[in-house]
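Report on one structure; see the data block that follows.
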Amino acid sequence: MDAEQLCGELNKLRLQGVFFRENYFQPIFHKFAGELCAGAQLHVIDRETFQPFITGLQIIKRIREIYHERFQWKQPPYEYEWKRLPIEILIGGPIESVFGD
Numbered sequence: 002m003d004a005e006q007l008c009g010e011l012n013k014l015r016l017q018g019v020f021f022r023e024n025y026f027q028p029i030f031h032k033f034a035g036e037l038c039a040g041a042q043l044h045v046i047d048r049e050t051f052q053p054f055i056t057g058l059q060i061i062k063r064i065r066e067i068y069h070e071r072f073q074w075k076q077p078p079y080e081y082e083w084k085r086l087p088i089e090i091l092i093g094g095p096i097e098s099v100f101g102d
């Protein structure tokens with residue numbers, strides 16, 4: 002990911018109570034162990050106006066727009082579920098209802 006671009010795009014949304022800044026890190030295990038990774042760090046600047054669910058949806062939508070060629074939903078299984086997409090379990094319904102897929 003291009004952290005500068007991602008944060009710029011997310012901050013353009015002017016989401017309530019939150020600011021995004023670049024973040025670079027190096028995981029010590031799993032898929033990207035030892036690789037320098039980039040992303041956005043979310044800073045809640047106003048707890049009273051911050052809307053975590055809406056913010057999360059907007060982050061996903063913007064990442065899908067920027068990285069549409071490479072974006073993929075995580076495939077099952079997830080926890081106890083072997084058929085539905087994990088995102089559908091997390092949002093409580095089909096992805097079409099939220100993301101228009």
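Numbering (the working numbering), first residue to last: 2 to 102.
Don't be surprised by glycine CBs; every beta carbon is placed ideally from N, CA and C.
Quick caveat: nothing in here was measured; it's all calculated off a predicted structure.
Under a Cβ-count criterion, where at least 16 other Cβ atoms within 10 Å of its own Cβ denotes burial, should residue i be classed as buried or exposed?
i	result
residue 8	buried
residue 91	exposed
residue 50	exposed
residue 29	exposed
residue 55	exposed
Out of the options, state which residue places its alpha-carbon closest to the alpha-carbon of residue i.
i	options	result
residue 38	56, 2, 20 and 72	2
residue 73	30, 80, 59 and 88	88
residue 52	96, 93, 95 and 17	17
residue 4	36, 100 and 40	40
residue 98	10, 31 and 58	58
Confirm, please, whether the CB-CB distance from residue j to residue i is below 8 Å.
i	j	result
residue 27	residue 67	no
residue 14	residue 63	yes
residue 78	residue 86	no
residue 61	residue 11	no
Exercise. Fully enclosed by the stretch 3-46, which beta strand (DSSP E) runs are 3 residues long or longer?
Worked result: 19-26 and 38-45
Exercise. Do the stretch 21-28 and the stretch 42-50 meet, that is, are 3 or more Cβ pairs less than 8 Å apart?
Worked result: yes
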